[in-house]
Ligand SMILES: Nc1ncnc2c1ncn2[C@@H]1O[C@H](COP(=O)(O)OP(=O)(O)OP(=O)(O)O)[C@@H](O)[C@H]1O
Ligand SMILES: [Mg+2]
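Below is the structure:
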């Protein structure tokens, strides 16, 4: 077998291991899926009426807000899923078996890629459940097949980038507690972007920050794709660039941490 | 010992320090293929550090180490292909079952489905883990976890095996089981690097022992060679006739035993020459002897003499 074939084989072995862990320890997955759903319901049913009126669309109210909020909630679903990634990576690194892997002739990166792929799949699970709940309470996406494929591709890219980043954070953390804290700022970023309200309603300083942080282009691209609107080229470029930069950063950190013991 | 055999494990002037603290002060090791080498030392001696360097887990600060001629840093992957490691702390996946842990190893060794299955069932059987195969190691006893751990390191059929304190924390029966596993492996031509705090264990298993203390090898040799390094050996004679005691004391420069009026002790290193001299004298002088026992110093004496302090012997003795 070639090196590549070994890497693929070892990655699929590690992925199976992660799946088994998820099945044996399902509470973490439930918690991760639950978070964006709770956010969605909370914002739509508790704040939605008032915020929706403030948006000034033709209908206003709860329905208008659900339409505005859902794209951001899909990003929240990814952010929620990757919180779990850092924790499970850090927890895994405390397991004795990792040292055994280090003394074996395996594709070392497979320990990490196993985590990444499992976590991306978990992200999509979170996205699917969140979108499902949104549709169940009245959200109506308006897009065609190409839009759906584009949406899936963009969400895949973003979750790939954020997952590698949090794998890096999990590897860099000295304790599991630290790993559960360091990705927290990611949870806040959608709030300081266009997820909950349009950025032009914010004070100038916040607006400035919102414009240049990664989640605003993420959310705007997803929003455009969900409603079949043309995607802004700059936003798309920024989304690709940020995602790849996150992935690269996370990859470099994790690889370095994994090889240095 | 047969020195013609190729060297399986070699370390040359290996050093390791953390910050300013020196943990290994330049050790040399050469283990011929198919033999058991034991690194014996108390807590903090540097045993695990040595194992970690030899198994490519951490780099040395200085010196070189080779497994079957492959450098542990330069040819790390080749080294990893030929070794199996059972570390001091259980290296099993706590969330997978015993059987799944072995399957995981088989897949990582790219054995193929059928072979993985065959080896897994064989190891479960050999290590008496069949009943526990469907349970997670979290529910295992210490001895079962150890056995699973060793079984996992055997999945890839390694030529060189490192065992870091494989019997610490096991009861005497569990220890015997691990010992017999080790003996069986060596019969099949495997080279074994074993660390232990128990002199009895090194004495029992090893072809060659190195005593490690404070990051330095303070003595090295077969168990017998080490015992001979230490004074305190003697031959005990039990005489038939009380009236010959005084004469014996005189001709053999012996001392009378404190506990037995018919017993005398003669200083001896236990070597053949020394025994022959004693027997010749007994014959010549017509001394009638009922019983003769040779007392070589045991490894406990060796350790005390070499390092100036004792090991956790009480603990070992209490457990045995
Ligand atoms: N990462 C580290 N940083 C600093 N010092 C270390 C580190 N790892 C080990 N040491 C020190 O190196 C010395 C040797 O440790 P090592 O674990 O090799 O001992 P050991 O012989 O295996 O002991 P034990 O019987 O307790 O397992 C100890 O004094 C330990 O404190
Ligand atoms: Mg140790």
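Chains as they are written, first to last, in the numbering used here: chain A, 1 to 261; chain B, 262 to 581. Where is the CB? At the ideal position from N, CA and C, for every residue including glycine.
Annotation for residue 452 of chain B: the continuous beta strand (DSSP E) segment containing it runs 452-457.
Distances from the CB of residue 308 of chain B to the heavy atoms of ligand 1 include at least one below 7 Å.
Not a single C-beta of chain B is nearer than 8 Å to the C-beta of residue 174 of chain A. Contact of residue 31 of chain A with chain B is not assigned, every C-beta pair being separated by 8 Å or more. The segment 71-82 of chain A makes contact with the segment 125-134 of chain A, as at least three CB pairs between them are under 8 Å. Nearest in C-alpha terms to residue 416 of chain B, of all of B:361, B:567, B:543, B:509, is B:361.
With fewer than 16 other Cβ atoms from the protein chains shown falling within 10 Å of its own Cβ, residue 533 of chain B counts as exposed. For residue 535 of chain B, the secondary structure class from DSSP, reduced to helix, strand or coil, is helix. In this structure, residue 421 of chain B and residue 328 of chain B form a Cβ contact; the two beta carbons are roughly 6 Å apart against a cut-off of 8 Å.
In the three-state reduction of the DSSP assignment, residue 474 of chain B falls in the strand class.
Here residue 319 of chain B carries a coil assignment [DSSP, helix/strand/coil]. Rounded to whole angstroms, the separation of the alpha carbons of residue 459 of chain B and residue 432 of chain B is 13 Å. One thing to note: residue 247 of chain A has its Cβ no nearer than 8 Å to the Cβ of residue 147 of chain A. For residue 407 of chain B, the nearest beta carbon of chain A is not closer than 8 Å to its own beta carbon.
Where residue 16 of chain A is concerned, there is no enclosing beta strand (DSSP E), although the alpha helix (DSSP H) around it starts and stops at 3-24. Just measuring C-alpha positions, the residue of A:163, A:88, A:51 sitting nearest residue 21 of chain A is A:88. Around residue 396 of chain B, the same chain offers 358, 359 as residues with beta carbons nearer than 8 Å, after the five sequence neighbours per side are excluded. According to the DSSP secondary-structure assignment, residue 291 of chain B is paired through a beta bridge with B:271. For residue 424 of chain B, the enclosing beta strand (DSSP E) begins and ends at 421-425. Residue 328 of chain B carries a strand assignment under DSSP once its states are collapsed to helix, strand and coil. At a threshold of 7 Å, residue 462 of chain B does not count as near ligand 2, since its beta carbon sits no closer than that to any of the ligand's heavy atoms. Contact annotation: the segment 103-122 of chain A does not touch the segment 185-202 of chain A, with fewer than three C-beta pairs closer than 8 Å. A distance below 8 Å between beta-carbons, with the five flanking residues on each side excluded, links residue 274 of chain B to the following residues of its chain, in chain order: 287, 288, 289, 323, 324, 325. Straight-line spacing of the CA atoms in residue 511 of chain B and residue 437 of chain B works out to 46 Å.
For the segment 9-30 of chain A, residues whose beta-carbon sits nearer than 7 Å to a beta-carbon of chain B comprise 9, 10, 13, 17, 20, 21, 24, 25. Straight through space, the alpha carbons of residue 355 of chain B and residue 411 of chain B are spaced by roughly 15 Å. Restricted to the segment 26-101 of chain A, the alpha helix (DSSP H) segments that are unbroken, complete and at least 4 residues in length are 26-42, 48-55, 61-93, listed in chain order. Relative to ligand 1, even the nearest heavy atom lies 7 Å or more away from the CB of residue 362 of chain B. When the Cα atoms are used, residue 96 of chain A and residue 347 of chain B turn out to be separated by approximately 10 Å.
For residue 81 of chain A, the closest of A:211, A:125, A:220 by C-alpha to C-alpha distance is A:125. Per DSSP, reduced to three states, the secondary structure at residue 213 of chain A is coil, with no helix or strand assignment.
A heavy atom of ligand 1 is found nearer than 7 Å to the CB of residue 304 of chain B. Think of a sphere of 7 Å around the beta carbon of residue 316 of chain B: the chain A residues whose beta carbon falls inside it are 103, in chain order. DSSP, read as helix, strand or coil, puts residue 355 of chain B in coil. In the pairwise beta carbon analysis, the segment 332-339 of chain B is classified as not touching the segment 277-286 of chain B: fewer than three pairs are separated by under 8 Å. The straight-line gap separating the alpha-carbon atoms of residue 318 of chain B and residue 392 of chain B is approximately 33 Å.
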